[in-house]
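Novice: Before I ask anything, let me first share the structure, which is written out below as structure tokens.
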Amino acid sequence: MARVYNFSAGPAMLPTEVLTRARDEMIDYQGTGMSVMEMSHRGKTFVGIAEQAEANLRKLLSIPDNYKVLFLQGGASSQFGAIPLNLGNGSGKADYLNTGHWSVKAIAEAKRLVDVKVVADTQPQNFTTLPAEDEITFSGDADYAHYTPNETIAGVEFPYIPDTGDVPLVADMSSTLLSRPIDVSRFGVIYAGAQKNIGPAGLTIVIVREDLLGKAREGIPSMLDWSIQAEADSMFNTPPTYAWYMAGLVFEQLLASGGLEEMAKINRRKADKLYAAIDGSDFYRNPVEPAYRSWMNVPFMLADDALDKTFLDEAGRQGLVTLSGHRSVGGMRASIYNAMPEAGVDALVHFMNDFAKRHG
Ligand SMILES: *Cc1c(COP(=O)(O)O)cnc(C)c1O
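Here is the structure:
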């Protein structure tokens, strides 16, 4: 069975090299006679796997020493609630940028716990654009400010990091972390569900500046308390061991293929090729303002949506799958995370050109 080019927004493709290695190590992990899935999380072998994964992630992102890296469960969605519980204990106010579906979800969850002020809102533009940097005014007295650097559904991505002054900046990087280098020191907290660009579902990464620990609200569930998790090396309970191991394999593979500088070059090239194909044709259309187009999630519409089904069927027969757009946007969406080879984007562009010729 040949592997397809899977354009799913998440869970998404993993590098074939990583899957092959996991397969080879599945039954007998390095002479232990057991699978990583079957090991105690407190045993020497797994602790070694866990520490190596963290060290490699730190290297990839150049994470400064005054940040903790947590390997948690519950997805980005659990963090929507964990953030106000961990940080909303001063003025009880928080600033949020409302720039897409995931911002909406994060805001809804935060509103249950803190006084949310929406300081930028692109919902009236159907989330097809972003605020310019100088259009956002943050409150000086907020406990934190939150935004979503890449909105997975609308396909918009911030080309800048908002300046919040002394207010800690919190970023949901679920669909962009590891796509390129970032300056971690600009953030108070970075978090991401793994299933887009890191590893299998079930693992959630939280990178938190140490001075933000120990401020949680009274009554916070221990599982959601970053200080408790940091103190326990993310092993307050049984962590998602296999997903952690898989993420570690992905980190190793990224380091071996040139790190995030190299990924950024490839990702930029992949996105440029796809947007060029869309813009270069009257048959396809991407609704996002060009300055804010995502490198990772590319929605596009056909000139005639009656052809959507034919497009998906024909693409599928050529091994180009999961191209259907999110129901709230319609049309198509190609998610082109790190693990999507450039050859996959080339194949999609070739198919799109051919399809437009035949049906345009
Ligand atoms: C997928 C996604 C989420 C939801 O992640 P879960 O891990 O399923 O909770 C949140 N934010 C963004 C930006 C996403 O892409």
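Add 532 to the 1-based position in the sequence shown for the working numbering, that's all there is to it. Idealized CB from N, CA, C, for every residue including glycine.
Just to confirm, are Arg825 and Gly687 a CB contact at a threshold of 8 Å?
Specialist: yes
Novice: Give me the Cβ distance between Leu701 and Ala724, rounded to the nearest whole Å; I'm assuming they're in contact under 8 Å.
Specialist: With a Cβ gap of about 15 Å, Leu701 and Ala724 do not count as contacting.
Novice: Is it buried or exposed for Pro681, if we count other Cβ within 10 angstroms and need 16 for buried?
Specialist: buried
Novice: Run the Cβ filter for me: residues under 6 Å from any heavy atom of ligand 1, listed in the order they occur in the chain.
Specialist: Gly542, Gly607, Ala608, Ser609, Trp634, Thr680, Thr684, Asp704, Ser706, Ser707, Gly725 and Lys728
Novice: For Thr669 and Val651, which I take to be in contact (beta-carbon distance under 8 Å), what is that distance rounded to the nearest angstrom?
Specialist: 6 Å
Novice: State the start and end residues of the unbroken alpha helix (DSSP H) segment that holds Gly607.
Specialist: Run containing Gly607: Gly607 to Leu619, per the alpha helix (DSSP H) assignment.
Novice: Got a sec? Which residues, its chain only, sit under 6 Å from Asn799 by beta carbon, not counting five neighbours each side?
Specialist: Ser711 and Trp827
Novice: On the CB-based measure, 16 or more other CB atoms within 10 Å of its CB, does Glu689 come out buried or exposed?
Specialist: With a threshold of 16 other beta carbon atoms within 10 Å, Glu689 meets it and is buried.
Novice: Starting from Ser635, trace the alpha helix (DSSP H) both ways and give me its first and last residue.
Specialist: His633 to Lys643
Novice: Going straight from the alpha carbon of Ser856 to that of Asp804, what length do you get?
Specialist: 20 Å
Novice: For Gly780 and Val853, I'd like the C-alpha separation in whole angstroms.
Specialist: 27 Å
Novice: Can you check whether the CB of Val716 is closer than 8 Å to the CB of Leu593?
Specialist: yes
Novice: Helix, strand or coil for Tyr561, going by three-state DSSP, please let me know.
Specialist: helix
Novice: Among the candidates Glu570, Leu604, Glu586 and Pro732, whose CA atom is the shortest distance from the CA of Leu551?
Specialist: Pro732
Novice: On the CB-based measure, 16 or more other CB atoms within 10 Å of its CB, does Thr696 come out buried or exposed?
Specialist: buried
Novice: Looking only at its own chain, which residues have a Cβ that is under 6 Å from the Cβ of Pro547, when we skip the five neighbours before and after it?
Specialist: Gln785 and Ala871
Novice: Which of the three DSSP states, helix, strand or coil, is assigned to Pro596?
Specialist: coil
Novice: Spell out a yes or no on whether the segment 561-575 and the segment 762-780 are touching, meaning 3 or more CB-CB pairs, one atom from each, closer than 8 Å.
Specialist: Using a C-beta cut-off of 8 Å, the segment 561-575 makes contact with the segment 762-780, since at least three inter-stretch Cβ pairs fall below that distance.
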